[in-house]
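Trainee: Here it is, the structure in full.
There are 2 protein chains.
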Amino acid sequence: MENKCMLCNYKSVAETKLTEAELGELSCNCLTVSFKKGDSIIRQGTYSTNVAYLKSGLAKIHIEGPYHVQVVRIVKPANYLGLPTTFGDKVNQYSVTAVENSEVCFIDITYFRKLLTLNHDFSNQIIVELCKGEIESYQKCVNRTQKQVRGKVADVLLDFSDNIYRSDKFVVQINQEDLGNLVDASRESVSRVLNDFSREGIIRISGKEVEILNKEMLQMISKHGW
Amino acid sequence: MENKCMLCNYKSVAETKLTEAELGELSCNCLTVSFKKGDSIIRQGTYSTNVAYLKSGLAKIHIEGPYHVQVVRIVKPANYLGLPTTFGDKVNQYSVTAVENSEVCFIDITYFRKLLTLNHDFSNQIIVELCKGEIESYQKCVNRTQKQVRGKVADVLLDFSDNIYRSDKFVVQINQEDLGNLVDASRESVSRVLNDFSREGIIRISGKEVEILNKEMLQMISKHGW
DNA sequence: CAGAGAATGTGATTTGTATCACAATTTTAT
DNA sequence: ATAAAATTGTGATACAAATCACATTCTCTG
Chain A
39 MENKCMLCNY
49 KSVAETKLTE
59 AELGELSCNC
69 LTVSFKKGDS
79 IIRQGTYSTN
89 VAYLKSGLAK
99 IHIEGPYHVQ
109 VVRIVKPANY
119 LGLPTTFGDK
129 VNQYSVTAVE
139 NSEVCFIDIT
149 YFRKLLTLNH
159 DFSNQIIVEL
169 CKGEIESYQK
179 CVNRTQKQVR
189 GKVADVLLDF
199 SDNIYRSDKF
209 VVQINQEDLG
219 NLVDASRESV
229 SRVLNDFSRE
239 GIIRISGKEV
249 EILNKEMLQM
259 ISKHGW
Chain B
39 MENKCMLCNY
49 KSVAETKLTE
59 AELGELSCNC
69 LTVSFKKGDS
79 IIRQGTYSTN
89 VAYLKSGLAK
99 IHIEGPYHVQ
109 VVRIVKPANY
119 LGLPTTFGDK
129 VNQYSVTAVE
139 NSEVCFIDIT
149 YFRKLLTLNH
159 DFSNQIIVEL
169 CKGEIESYQK
179 CVNRTQKQVR
189 GKVADVLLDF
199 SDNIYRSDKF
209 VVQINQEDLG
219 NLVDASRESV
229 SRVLNDFSRE
239 GIIRISGKEV
249 EILNKEMLQM
259 ISKHGW
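Those protein sequence lines, which keep their order, are chains A and B.
Residues 39 to 264 (this note's numbering) make up the first sequence, in order.
Residues 39 to 264 (this note's numbering) make up the second sequence, in order.
If you want it as structure tokens, here you go:
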């Protein structure tokens, strides 16, 4: 039997700490599933029996709020999709949906737990990632609640450019409604700000493609919140 | 030498998983410090060299936002104060301040790391707590951004009553300014809502003491966001 | 390729809450 | 005990953004 996890080019940082033998056993306890854009990967309120890991594509994590959905964050490949929801509670506390066509590995939770006890470098890396995630979520929340819409939209554009797509030019796969849910703004406000930025020569929009023309200005807007 | 950590009545859930020997060694790697109300326990931007743990009292975690401070959460005894900030980054990403006179144990980070590798029940519990913390922070953020001030103030009152003080009658040690920073509202709005609740017979206020008279109503207001 | 449905653009109106300004009260230090 | 400082209460005003109501433009799908 081949060691498919060892040959996999999309390992998480934690998985690079695993031995050949551990990766071999992981291969037997892991199932890769393809999802189409828009497909639900994890559903809030259902039982969580596997650790989900995004191998390729793009996904959004979202929670049901008192008024409307909130997109908590966008997850790019080589990251776990639902560690907190899998370990913190028996029932999933949030939903995950594919934003682009994606491949997701489902790792058996029992084996994942075993890995945590077997390999300290692995468990250490998981802890570090959880810590980083929490700090990031604090930071995101401050931005969301204190900045005004222009600042928040500037934030997402910079995040897309610097972290998600790693390019000044990218195709946004998320509609303005969801963009609004991600930064806590209405669909209409997102539309207005995006067009304002375009008119001001900060970005160029053609269809779903966005090009950042003046990153310094975006950073200014992001920093000062307007 | 006495095993002070073993005799300690304020162990974290994770610490209850430690063996007698481990607790003994912990005693040698842990220092208890007293803080007065208002004292700074951890300062954002400084190096983090210890894991902080709240033994008694009450503390608030807060971050510097673009406009003003945001109180991220209130921590009650037998909980770690800065796991994410200690493990996620070399530099503290948030500040912690004593809300009441408090005792804090500072655990040497090297020994804490050693404990994580030595005792799987311990590290597992830490992971579970980190996961719960992240989910909680998502939930808090949704509430903060989607509910209006009445709903958010109802939320804190319920949190104080159900989780922090575990009583329908308690003395709020946080002023309205900070209460505002905790729920993202202005000091004036908090004052108005608190007095509205009082006039409506939902709570009774005398000085810093608050008594919840109609918890069902508060839950209604919290749930519906107004 | 036409027609339906989804997504986006844009003005007018409404609204919740921040901000300002100051009074009143409580707490703290001398 | 008393002045000073901090905290709280409350009206008036300002303002950012949500909501509403359509128009327009994309994008599937039969």
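Glycine residues also receive a C-beta, built at the ideal position from the N, C-alpha and C atoms.
Determine which residues share a DSSP beta bridge with Gln108 of chain A and list them.
Mentor: Looking at the DSSP assignment, Gln108 of chain A forms a beta bridge with A:Ile101.
Trainee: Put Tyr85 of chain B into one of helix, strand or coil per three-state DSSP.
Mentor: Looking at Tyr85 of chain B - three-state DSSP - the assignment turns out to be strand.
Trainee: Suppose you measure from the CA of Ile112 of chain B to the CA of Ala136 of chain A; what does that come to, to the nearest Å?
Mentor: Cα-Cα distance, rounded: 34 Å.
Trainee: Anyone know if the C-beta pair for Tyr48 of chain B and Ala116 of chain B falls short of 8 Å?
Mentor: Taking 8 Å as the Cβ cut-off, Tyr48 of chain B and Ala116 of chain B qualify as a contacting pair.
Trainee: What is the residue span of the alpha helix (DSSP H) that Arg242 of chain A lies within?
Mentor: That residue, Arg242 of chain A, is in no alpha helix (DSSP H); its beta strand (DSSP E) goes Ile241 to Ser244.
Trainee: Closer than 8 Å by beta-carbon distance: list the chain A residues that pair up with Asn162 of chain B, in chain order.
Mentor: The contacting residues are Arg151, Leu154 and Thr155.
Trainee: Consult DSSP for Asp216 of chain A and reduce its assignment to one of helix, strand or coil.
Mentor: Of the three classes helix, strand and coil, the one that applies to Asp216 of chain A here is helix, per DSSP.
Trainee: Could you compute how far the alpha carbon of Glu249 of chain B sits from the alpha carbon of Asp206 of chain B?
Mentor: Straight-line Cα distance between these residues: approximately 6 Å.
Trainee: Between Phe125 of chain B and chain A, is the shortest Cβ-Cβ distance under 8 Å, so that the two count as touching?
Mentor: Yes, contact with chain A.
Trainee: So who's on the other strand from Thr70 of chain A, going by DSSP bridges?
Mentor: DSSP, once it has assigned bridges, lists A:Cys143 as partnering Thr70 of chain A.
Trainee: Indicate whether Lys93 of chain B and Glu141 of chain B have their beta-carbon atoms separated by less than 8 Å.
Mentor: Cβ atoms of Lys93 of chain B and Glu141 of chain B: closer than 8 Å.
Trainee: To which residues does DSSP link Ala90 of chain A through a beta bridge?
Mentor: In DSSP, Ala90 of chain A forms a bridge with A:Phe144.
Trainee: Between Ile212 of chain B and the ligand GDP, is the CB less than 7 Å from at least one heavy atom?
Mentor: You won't find the ligand GDP in this model; it holds no ligand whatsoever.
Trainee: Within its chain, find whatever has a CB closer than 6 Å to the CB of Glu247 of chain A; leave out the 5 residues flanking it on each side and keep chain order.
Mentor: Answer for Glu247 of chain A: Val209, listed in chain order.
Trainee: Distance, Cα to Cα, Cys179 of chain B vs Cys179 of chain A?
Mentor: Cα to Cα, Cys179 of chain B sits roughly 6 Å from Cys179 of chain A.
Trainee: Checking the sheet assignment: what are the DSSP bridge partners for Phe208 of chain B?
Mentor: DSSP, once it has assigned bridges, lists B:Val248 as partnering Phe208 of chain B.
Trainee: From the DSSP secondary-structure annotation, give me the bridge partner or partners of Thr135 of chain B.
Mentor: Partner(s): B:Ser78 and B:Lys98.
Trainee: So which residues on chain A does Val180 of chain B lean against when the C-beta distance must stay under 7 Å?
Mentor: Result: Ile101, Gly103 and Gln108.
Trainee: From what residue to what residue does the alpha helix (DSSP H) around Leu195 of chain A run?
Mentor: Its alpha helix (DSSP H) spans residues Val187 to Asp197.
Trainee: Going along the segment 185–209 of chain A in order, which residues come within less than 7 Å of chain B, judged by CB to CB distance?
Mentor: Going along the segment 185–209 of chain A in chain order, one finds Lys185 with a Cβ nearer than 7 Å to chain B.
Trainee: Does DSSP put Val113 of chain A in a helix, in a strand, or in coil?
Mentor: Of the three classes helix, strand and coil, the one that applies to Val113 of chain A here is strand, per DSSP.
Trainee: For a quick check, are the C-beta atoms of Val89 of chain A and Leu121 of chain A less than 8 Å apart?
Mentor: Closer than 8 Å, so yes.
Trainee: Between Lys55 of chain B and Phe160 of chain B, what straight-line distance do the alpha-carbon atoms span, to the nearest angstrom?
Mentor: Cα-Cα distance, rounded: 6 Å.
Trainee: Using only the alpha-carbon positions, how far apart do Val221 of chain A and Val110 of chain B sit?
Mentor: Their backbone Cα atoms lie some 18 Å apart in a straight line.
Trainee: My output table needs one value for Tyr203 of chain A: the three-state DSSP class, helix, strand or coil.
Mentor: Residue state, collapsed to three classes: coil.
Trainee: Take Lys128 of chain A as the anchor and find which of A:Val191, A:Gln82 and A:Phe235 has the nearest alpha-carbon.
Mentor: The option with the nearest alpha carbon to Lys128 of chain A is A:Gln82.
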